[in-house]
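The numbering used here numbers the first residue of the sequence shown as 8 and each following residue consecutively.
Every residue, glycine too, gets a C-beta built ideally from N, C-alpha and C.
Reading through the structure tokens given below for one structure.
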Amino acid sequence: MGEYVSVADAASLAPGRGRTVNVRGREFALFNMDGRFYALDNECPHVGGPLGAGTLEDGCVHCPLHGWGFDVKTGACRKVPARPVRSYPVRVEGGQVQIKI
Ligand code: FES
């Protein structure tokens, strides 16, 4: 089932940017792509790079360690399709970005 949990002030994350957020002992990568928010597991399935610190380009976040690219909407890996990351539903309520976990 899951529940939506507030993770950030929507105004604090500009379009084209990402960051790592901590929720209940877990890390998620949160992105603002053209004003819409998306969340993935923060840990890159290659060797654990922090995806929240990656760079966004063409709907894809590039891991800061070795550059694997992941679709920010789905978590699909463009480098190694068999190694996706999990994506999570996101909504904005009262100016707060919320992730369903
Ligand atoms: S740890 Fe992400 S590409 Fe290597």
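Measuring from the CB of residue i, is there a heavy atom of the ligand FES at a distance below 6 Å?
i	result
residue 53	yes
residue 69	no
residue 56	yes
residue 72	yes
So residue i is in the beta strand (DSSP E); what residue range does that whole segment cover?
i	result
residue 74	It is not in any beta strand (DSSP E) - residue 74 carries neither H nor E in the DSSP assignment.
residue 40	33-40
residue 62	62-64
residue 15	11-16
residue 69	67-69
Would you kindly check if the distance between the Cβ of residue j and the Cβ of residue i is under 7 Å?
i	j	result
residue 17	residue 99	yes
residue 108	residue 9	yes
residue 67	residue 58	no
residue 46	residue 11	no
residue 37	residue 24	no
Tell me whether residue i sits in a helix, a strand or coil according to DSSP, three-state version.
i	result
residue 47	strand
Among all the DSSP beta bridges, which residues are the ones paired with residue i?
i	result
residue 26	37
residue 107	11
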